[in-house]
Amino acid sequence: MTQQPPPAGPADPPDGPAPPDLPDRVARVYGADDLSTVPAFAGGFINFGYWTGLPSPADRKLTRADRVRSEEDLYRLVLGTFDRPRGRTALDVGCGRGLGCALALREFGLAPVIGLDAHPDQIARAREANADLLAGPADAPGRLEFVLGAAQRIPLPDGSVDCLFSVEAAQHFRDLSGFAQEAARVLRPAKGRLALTTFFARTRAAARALPELLPPFADGLDVPHVVDEVAAALTAAGLREVRVRPIGDGVWESYDRYMAQQPELHDDEWPRRYLTAYETGLLDYYLLTGAAA
1 MTQQPPPAGP
11 ADPPDGPAPP
21 DLPDRVARVY
31 GADDLSTVPA
41 FAGGFINFGY
51 WTGLPSPADR
61 KLTRADRVRS
71 EEDLYRLVLG
81 TFDRPRGRTA
91 LDVGCGRGLG
101 CALALREFGL
111 APVIGLDAHP
121 DQIARAREAN
131 ADLLAGPADA
141 PGRLEFVLGA
151 AQRIPLPDGS
161 VDCLFSVEAA
171 QHFRDLSGFA
181 QEAARVLRPA
191 KGRLALTTFF
201 ARTRAAARAL
211 PELLPPFADG
221 LDVPHVVDEV
231 AAALTAAGLR
241 EVRVRPIGDG
251 VWESYDRYMA
261 QQPELHDDEW
271 PRRYLTAYET
281 GLLDYYLLTG
291 AAA
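Under full-length UniProt numbering, the first residue of the sequence shown is numbered 1, with each subsequent residue one higher.
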């Protein structure tokens, strides 16, 4: 079993044409392959997890419940950056199955919550996974919604969003400047806030080296964006107070330990190179925040 599908090759073409704006590899991984079903992404979330809130002792064997909590806690870390979120409009860019949207609604009181994803299969899965929330209650219509659309062309009006968040999706964005400009456009002037988390290269030299170590950077699934350039794009788009916080100390070692401890996962060698990339200074996991002008 793999953390992510194996690298694409000549005998592994995508099934049918890619959806608009999606490279073939991204279209297949989030379409026919359905990455949310991979055992390493227990619970259907698709992220490496934030592990600092797990019960001690630190040397005990990590469980499936720990894995699910780590994925939920990554959303909690991101959503916790928003001040007084209850009743504020939220947009999740790259929502996947929409489980983070449901958590934002349930635990943080953000409402309405809009999940945006560029893959039609993911939107369909999000609607199925959250059918109960979408159906009611009758006195709270529109509290949760899923919309098909690209990060660089968000189909929402100007100034319509209070809180924009994105969890482990921006490594797929081909046009980060376009996303930054769209984020600045849809955020409510002076009040809107952004929180973005994923893994980025530390330097340009690291970005050039990552495809040699990690297949997703080589086969077109991920883009080795440089973290300082991501922050600069957000600032150039007009966002204020852009801050970068490395959080890899709460991600990589525990994720790797979980992978090593699971009988069905520990023989899968290449996904464990993320810890190597972190320890050798090539990449890290980051939380970026900013405010609308």
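Where is the CB? At the ideal position from N, CA and C, for every residue including glycine. No experiment lies behind these values; they were computed from the predicted model shown.
Chain-order list of residues whose beta-carbon lies under 8 angstroms from that of residue i (same chain, five-residue window excluded)
i, result
"M1", "Low confidence applies here, because M1 scores a pLDDT of 35, under 50, leaving its location unreliable; read the following figure in that light. So the list reads V38, P39, A40, E264, L265 and D268, once near-sequence residues are dropped."
"L157", "One detail in the question is off: residue 157 reads as Pro in this sequence, not Leu. The answer, listed in chain order, is V186."
"L103", "E72, Y75, R76 and L79"
For residue i, the residue or residues it bridges with in DSSP
i, result
"D92", "G115 and F165"
"A150", "R153"
"D198", "Note that residue 198 is Thr in the sequence shown here, rather than Asp. Y286, per the DSSP bridge assignment."
"R193", "C163 and A291"
"E145", "I114"
"V226", "A201"
"L105", "DSSP output for L105 lists no bridge partner at all."
"L187", "V161"
CB-CB length for residue i against residue j, believed under 8 angstroms
i, j, result
"G31", "H119", "6 angstroms"
"A90", "L110", "4 angstroms"
"R188", "V161", "6 angstroms"
"D59", "G94", "D59 to G94, Cβ: 34 angstroms. No contact."
"A233", "S177", "5 angstroms"
"F199", "V226", "Not a contact, Cβ separation roughly 12 angstroms."
"A126", "R97", "5 angstroms"
"residue 301", "D219", "Lying outside 1 to 293, the shown extent of the chain, residue 301 is not represented and no answer is given."
"V113", "L79", "Contact doesn't hold; Cβ gap of about 10 angstroms is too wide."
"V29", "L210", "Actually they do not touch by this definition, with Cβ atoms about 18 angstroms apart."
"A237", "A183", "7 angstroms"
"F82", "C163", "5 angstroms"
Cβ-based neighbour list, residue i, same chain, cut-off 6 angstroms, excluding 5 preceding and 5 following
i, result
"S254", "W51"
"V242", "A231, L234, T235 and G290"
"D73", "Y50 and G53"
"D256", "R272 and L275"
"D175", "Q152"
"G115", "D92, C95, G98, C101, A126 and F146"
"A150", "D21 and A118"
"T197", "V78, V167 and L287"
"A206", "L282"
Same chain only: Cβ atoms within 7 angstroms of residue i, ignoring 5 sequence neighbours per side
i, result
"I123", "D117, F146 and L148"
"L99", "G44, F45 and A129"
"R240", "G290, A291 and A293"
"R245", "Y286 and L287"
"D249", "none"
"A277", "L210, L213, L214 and L283"
"residue 309", "Outside the modelled stretch of the chain, which goes from 1 to 293, sits residue 309, for which no answer is possible."
"P155", "V147 and G149"
C-beta neighbour in chain C for residue i, strict 8 angstroms
i, result
"L288", "This model lacks chain C altogether; it includes just one protein chain."
For the region 184-194 against the region 269-282, are there 3 or more C-beta pairs whose distance is under 8 angstroms? Contact fails: fewer than three Cβ-Cβ distances are below 8 angstroms.
When you compare the region 49-56 with the region 64-78, are there three or more beta-carbon pairs, one atom per stretch, that lie closer than 8 angstroms? The answer is yes - the region 64-78 touches the region 49-56, with three or more Cβ pairs under 8 angstroms.
Return the chain-ordered ranges of every alpha helix (DSSP H) run that is complete within the region 233-290 and spans a minimum of 4 residues. Those alpha helix (DSSP H) runs which fall completely within the region 233-290 and span 4+ residues are 252-261 and 273-279.
Note down, one range per segment and in chain order, each alpha helix (DSSP H) of at least 4 residues found wholly within the region 34-93. If we require 4 residues or more, the alpha helix (DSSP H) runs fully inside the region 34-93 come out as 64-79.
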